[in-house]
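A.B. asks: Numbering (our numbering), first residue to last: 5 to 272.
Using N, Cα and C, we set each Cβ at its ideal position, and we do this for glycine too.
These numbers come from a predicted model, not from an experiment.
Supplied in C-alpha cells, the structure appears directly below.
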C-alpha cells in the first residue's frame with residue numbers, strides 16, 4: 005500500500021478508497037471518516053498477522069529470543085478467541101511449560117542489568133532527584149536510555165543486539181561506579197563490606213564467594229563460579245585469614261564485580 009505525500013490541511017477532508025492488508029472502504033463521504041477509521045482499527049486488531057506478531061513479541065520477551073512456534077501459535081489463538089484481550093494471553097503464557105523452563109534463557113538488557121546491580125548492592129534513594137537523572141544517563145553509553153528509541157518498534161529484545169565490547173565496558177563501568185559509590189552522587193551507598201552477611205567468617209576467598217553468591221543469586225556458587233572466584237583472587241591469596249578491613253574489602257570488590265558480569269547475573 006502506497007500513498008502520495010501531501011501537505012496536511014486540518015480544514016480539508018481527505019477522501020478516497022482505503023486498501024490496507026485486505027481491508028477496503030470507499031471512504032467517499034467526509035462524515036464517514038471516523039467510522040472508516042474504526043473499522044480499519046478493528047480489522048487490523050483481529051487480523052491473524054497481528055495476533056502472530058503480538059504473540060511472538062510476548063513470547064520473545066518472556067521465554068526466549070527464538071520462541072517455539074507452537075507456543076506462538078497457541079498464544080495467537082488465545083488472543084483471537086478472547087476478543088483481542090491481552091490478559092488471557094499473558095495467563096496462557098505464564099502458565100505454559102515453555103515459560104516454566106525459560107529461566108536464564110534471556111539476557112538482561114542494559115537497563116535491566118543496571119537495576120539488578122542497584123538492587124543487589126542495596127542502593128538507597130537520596131534527597132536529590134538529580135541523582136536519579138544521572139543514573140538514567142548512565143544508560144546513554146549503553147544505548148538503552150528509557151523512551152529514547154527513535155522508532156516505535158522499541159528497543160531490540162534479542163541478545164545479539166546487545167553484545168559488543170563497548171556494551172560490556174559501559175555496563176562494567178556503571179556497575180563499578182555503583183559498587184564503590186563513585187557516581188552518581190546523591191544516593192546512599194553501602195560500604196562493600198555490607199555485602200557480606202557475616203564479615204567475621206569471610207576469612208578466605210571461598211568464604212567471600214559463598215556469601216556474595218548467596219546475596220546475588222540466593223544460592224552457593226556453582227563449580228565454574230567457584231573456580232572463577234579462586235582464579236580472580238589467586239594473586240591476592242591471603243597468607244593469613246582475611247580480617248574485616250582493606251584486604252577483605254578488596255576481595256569483596258573483585259568478587260562482586262566478577263559476579264555482576266557472570267552468566268547468572270547477566271541473564272534472567
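Decide yes or no for the touch test of the stretch 209-219 against the stretch 251-266: beta carbon pairs closer than 8 Å, at least 3 of them.
C.D. replies: yes
A.B. asks: Quick one: grab the DSSP three-state call for residue 6.
C.D. replies: Model confidence at residue 6 stands at a pLDDT of 36, short of 50, so the residue's coordinates are unreliable and nothing is read from them.
A.B. asks: Mapping the DSSP letters down to three states, classify residue 207 as helix, strand or coil.
C.D. replies: Reduced to three states, the DSSP call for residue 207 is coil.
A.B. asks: Could you give the residue range of the alpha helix (DSSP H) that holds residue 256?
C.D. replies: 250-263
A.B. asks: Within 10 angstroms of the Cβ of residue 186, are there 16 or more other Cβ atoms? Answer buried if so, exposed if not.
C.D. replies: exposed
A.B. asks: Please name the residue or residues paired with residue 111 in a DSSP beta bridge.
C.D. replies: Answer is 271.
A.B. asks: Among residues of its own chain, excluding the 5 on either side of residue 132, which ones have a beta-carbon nearer than 7 Å to its beta-carbon?
C.D. replies: 190
A.B. asks: Once DSSP output is grouped into helix, strand and coil, what is the label at residue 131?
C.D. replies: coil
A.B. asks: Mind checking which residues open and close the alpha helix (DSSP H) that includes residue 152?
C.D. replies: Counting along the chain, residue 152 falls outside any alpha helix (DSSP H), and DSSP gives it neither H nor E.
A.B. asks: With a threshold of 8 Å on Cβ separation, who are the neighbours of residue 162 within its own chain once the five nearest residues in sequence on each side are excluded?
C.D. replies: 64, 69
A.B. asks: Check residue 231 in the structure and name its three-state DSSP category.
C.D. replies: helix
A.B. asks: Is the Cβ-Cβ distance between residue 78 and residue 96 less than 8 Å?
C.D. replies: yes
A.B. asks: Measuring CB to CB, does residue 192 end up less than 8 Å from residue 245?
C.D. replies: no
A.B. asks: Is the beta carbon of residue 174 sitting closer than 8 Å to the one on residue 145?
C.D. replies: yes
A.B. asks: Given a threshold of 16 other Cβ atoms within 10 Å of its Cβ, counted over all protein chains shown, does residue 233 qualify as buried or as exposed?
C.D. replies: buried
A.B. asks: Are the CB atoms of residue 118 and residue 138 nearer to each other than 8 Å?
C.D. replies: no
A.B. asks: So, helix, strand or coil for residue 28, using DSSP?
C.D. replies: strand
A.B. asks: From the DSSP secondary-structure annotation, give me the bridge partner or partners of residue 192.
C.D. replies: 128
A.B. asks: Quick check on residue 223: does DSSP put it in helix, strand or coil?
C.D. replies: Residue state, collapsed to three classes: coil.
A.B. asks: Would you kindly work out how many angstroms separate the C-alpha atoms of residue 223 and residue 268, rounded to a whole number?
C.D. replies: 11 Å
A.B. asks: State the Cα-Cα distance for the pair residue 184 and residue 123, rounded to the nearest angstrom.
C.D. replies: Rounded to whole angstroms, residue 184 to residue 123 spans 14 Å at the Cα level.
A.B. asks: Just to confirm, is the Cβ distance from residue 127 to residue 182 under 8 Å?
C.D. replies: Closer than 8 Å, so yes.
A.B. asks: May I ask you to report which of helix, strand or coil DSSP gives residue 159?
C.D. replies: coil
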